[in-house]
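Structure, as structure tokens:
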Amino acid sequence: MSELQDQIDAARMQVHTDSYPMSIGELVNLYDDGELDIHPEFQRVYRWSEEQKSKLIESIILGIPLPSIFVAQRKDGVWDVVDGLQRISTILSFMGKLKDQDDKPVTPLKLLATKYLPALEGKVWENPHDRESEVDTDIKRVFKREKLDIKIIKRESEGDTKFELFQRLNTGGSKLSDQEVRNCMLLMLNEDIYTWLKLLAKNDDFIATTPLSEKQSEECYNQELALRFIVQRHFSEDVKRAHSDVAPYLNAEMTRLFRNASDFNYEHENQIFVHSFRLLNEALEDNAFKKYNHDKSRYEGAISLPVFEALTVGVSSLIESNMKKDHQIVEIIKEKAQALTAHEKFVAVLEKRVRPIERMTIMAELGKELFT
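The sequence shown stops at residue 437 when you use our numbering, and every number in between is there.
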């Protein structure tokens with residue numbers, strides 16, 4: 066047997082699947098009965114335009130086949146939507162069935178004119194006050210009978226299968242940002258962990274020291290920075306060696322750290338996070354993670370990831386050591402933040418264009434060196 070075949074046999078995921086067509090009406094009934102979980106929290110990252118939604122409805126009415134929808138069967142028998150959220154949400158929204166995370170009805174979709182069906186303009190599924198705007202009964206009947214191909218990942222599959230599948234199906238084309246994909250993975254993994262990370266990113270001192278653009282905020286970059294803080298402090302050398310790019314590496318570390326919630330000290334980590342950013346904000350405010358220009362004697366630019374990686378590890382490690390009082394740490398931050406950008410290791414990383422995943426290790430080591 067070849068070495069390649071050996072690797073294929075060892076790496077092949079134990080995936081147990083089923084596949085069959087299901088009518089839209091049947092799928093909606095599952096949703097109504099609580100047997101299909103599309104995670105209402107995902108709606109925050111559900112960004113299809115009204116035009117895209119209308120085109121999907123047009124495709125269904127015209128009988129154009131849609132890509133398969135992937136669901137993962139949970140232990141309680143409920144299906145988690147792994148891929149197809151936008152399509153299912155659009156269908157439910159059009160039929161007036163979609164609910165938000167508070168279980169409240171979402172305003173039903175009003176269609177736009179489409180290329181082949183311009184008469185869809187202004188049409189809705191149901192409107193007792195204006196029957197003329199409703200889709201005809203015959204069209205509704207045909208719509209509900211249209212079939213969708215459902216791929217089911219059975220619960221006896223390996224534990225990480227649905228996370229790996231979700232990641233692979235929702236990256237590449239980048240419909241979502243890397244962190245939005247991670248957020249969805251966290252929601253499927255453990256909603257409490259997702260909420261915990263989200264709350265970390267809402268900390269006032271953290272927000273003050275990490276000024277972001279509107280686009281970065283929309284793409285949940287604040288939560289990525291919070292995750293990076295955790296990962297930098299608890300990274301696995303084995304996991305890091307297995308990856309060459311940061312995005313899949315962060316995905317792997319997130320799964321490793323949070324797969325078993327009881328193995329992670331959330332209370333302690335929360336205290337260190339809050340303490341670290343309180344002192345960073347007191348010391349440098351929104352300059353905390355900007356590069357210090359020694360020629361101009363001032364901080365410049367946007368947040369620098371290398372600065373963030375080094376300072377957060379250094380400050381949090383110093384806090385944990387209990388060797389200095391808060392007012393002393395504040396003064397140390399002011400001194401070391403300036404010294405960092407002139408340090409030979411820091412300069413070398415930038416000049417040599419070191420790969421981001423290798424840079425993370427170097428910056429973690431440099432942070433500890435500077436502060437401890």
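Where is the CB? At the ideal position from N, CA and C, for every residue including glycine.
Report, in whole angstroms, the separation of the C-beta atoms of residue i and residue j, which I expect to be a contact under 8 Å.
| i | j | result |
| --- | --- | --- |
| Phe-342 | Phe-271 | 4 Å |
| Ala-266 | Ala-307 | The pair is not a contact, with the Cβ atoms about 27 Å apart (cut-off 8 Å). |
| Leu-349 | Ile-398 | 7 Å |
| Lys-209 | Thr-155 | In fact, because the Cβ distance is near 15 Å, the residues do not count as touching under 8 Å. |
| Lys-212 | Ser-88 | 6 Å |
| Gly-366 | Lys-401 | Actually they do not touch by this definition, with Cβ atoms about 18 Å apart. |
| Pro-371 | Phe-411 | 7 Å |
| Val-136 | Ile-215 | 6 Å |
| Ile-103 | Ile-153 | 6 Å |
| Gln-297 | Met-388 | Actually they do not touch by this definition, with Cβ atoms about 20 Å apart. |
| Pro-276 | Asp-351 | 5 Å |
| Ala-312 | Asp-243 | 5 Å |
Just the Cα atoms here: how many angstroms apart are residue i and residue j?
| i | j | result |
| --- | --- | --- |
| Glu-434 | Leu-383 | 10 Å |
| Leu-376 | Asn-325 | 28 Å |
| Val-200 | Val-143 | 31 Å |
| Glu-123 | Ile-218 | 29 Å |
| Ser-158 | Val-414 | 49 Å |
| Phe-323 | Leu-174 | 37 Å |
| Arg-420 | Phe-373 | 16 Å |
| Gly-187 | Arg-196 | 12 Å |
| Gln-353 | Leu-177 | The amino acid occupying residue 353 in the given sequence is Ala; Gln does not appear at that position. Those two C-alpha atoms are separated by around 47 Å. |
| Lys-280 | Gln-288 | 13 Å |
| Thr-274 | Leu-315 | 22 Å |
| Thr-345 | Ile-295 | First, the amino acid is wrong: residue 345 is Leu here, not Thr. Computed Cα separation, rounded: 16 Å. |
| Gly-238 | Gly-149 | With a pLDDT of 43 at Gly-238, under the threshold of 50, the predicted position of this residue should be treated as unreliable, though the coordinate-derived value follows. Looking at the two C-alpha atoms, the distance is approximately 14 Å. |
| Glu-396 | Leu-405 | 14 Å |
| Ala-429 | Leu-69 | 36 Å |
| Val-147 | Ile-394 | 45 Å |
| Ser-222 | Lys-390 | Any reading at Ser-222 is ruled out, since the residue's pLDDT is 49, under 50, leaving its predicted position unreliable. |
| Ser-67 | Glu-334 | 46 Å |
| Glu-302 | Pro-130 | 45 Å |
| Asn-268 | Asn-248 | 18 Å |
| Ser-114 | Val-189 | 16 Å |
| Asp-360 | His-408 | 14 Å |
| Thr-82 | Lys-140 | 15 Å |
| Val-207 | Glu-116 | 22 Å |
| Glu-347 | Ser-327 | 33 Å |
| Phe-300 | Gln-138 | 31 Å |
| Thr-202 | Glu-91 | 18 Å |
| Ala-184 | Asp-71 | 58 Å |
| His-194 | Ser-369 | 56 Å |
Since residue i is in the beta strand (DSSP E), which residue starts that stretch and which ends it?
| i | result |
| --- | --- |
| Ala-353 | Unbroken run through Ala-353: none, as it is neither H nor E. |
| Asp-148 | 144-148 |
| Glu-365 | 363-365 |
List the DSSP bridge partners of residue i.
| i | result |
| --- | --- |
| Leu-213 | Met-87 |
| Glu-199 | Val-189 |
| Lys-401 | BP columns for Lys-401 are empty, so no partner. |
| Phe-135 | Asp-148, Lys-216 |
| Leu-101 | Trp-144 |
| Asn-358 | Arg-363 |
| Pro-170 | Lys-164 |
| Thr-82 | Ile-218 |
Taking the alpha helix (DSSP H) that residue i falls in, what are its first and last residues?
| i | result |
| --- | --- |
| Trp-261 | 256-265 |
| Ile-271 | A quick correction: the sequence has Phe, not Ile, at residue 271. Its alpha helix (DSSP H) spans residues 269-274. |
| Ala-312 | 311-323 |
| Asn-20 | Any answer about residue 20 is impossible in this case: the structure gives the chain only from 66 up to 437. |
| Thr-377 | 370-386 |
| Lys-410 | 409-416 |
| Gln-281 | 279-283 |
| Phe-436 | 421-436 |
| Ile-125 | 115-126 |
| Val-304 | 302-306 |
Excluding the 5 residues preceding and the 5 following residue i in the sequence, name in chain order all residues of the same chain whose CB lies nearer than 8 Å to its CB.
| i | result |
| --- | --- |
| Leu-95 | Leu-101, Trp-144 |
| Ser-309 | Arg-420, Ile-422 |
| Leu-251 | Ile-258, Tyr-259, Leu-262, Met-319, Phe-323 |
| Val-93 | Ile-156, Leu-157, Met-160, Lys-162, Lys-209 |
| Gly-128 | Glu-211 |
| Val-304 | Tyr-314, Ala-317, Glu-318, Arg-321 |
| Leu-182 | Glu-123, Ile-126, Leu-127 |
| Leu-264 | none |
| Glu-385 | Ile-337 |
| Ile-427 | Lys-410, Val-414, Val-419 |
The ligand FMN and residue i: does any heavy atom of the ligand fall closer than 7 Å to the residue's C-beta?
| i | result |
| --- | --- |
| Glu-68 | Ligands displayed in this structure: none; no statement on the ligand FMN is therefore possible. |
If I measure Cβ to Cβ from residue i and keep anything under 7 Å in the same chain, skipping five residues before and after, which residues do I get?
| i | result |
| --- | --- |
| Glu-191 | Gly-161, Glu-199 |
| Phe-329 | Leu-322, Phe-323 |
| Leu-121 | Arg-152, Thr-155 |
| Tyr-441 | Missing from the structure shown is residue 441; the chain here goes from 66 to 437 and no further. |
Between residue i and the rest of its own chain, which residues show a CB-CB distance below 6 Å, the 5 nearest in sequence each way excluded?
| i | result |
| --- | --- |
| Tyr-364 | Asn-352, Lys-355, Tyr-357 |
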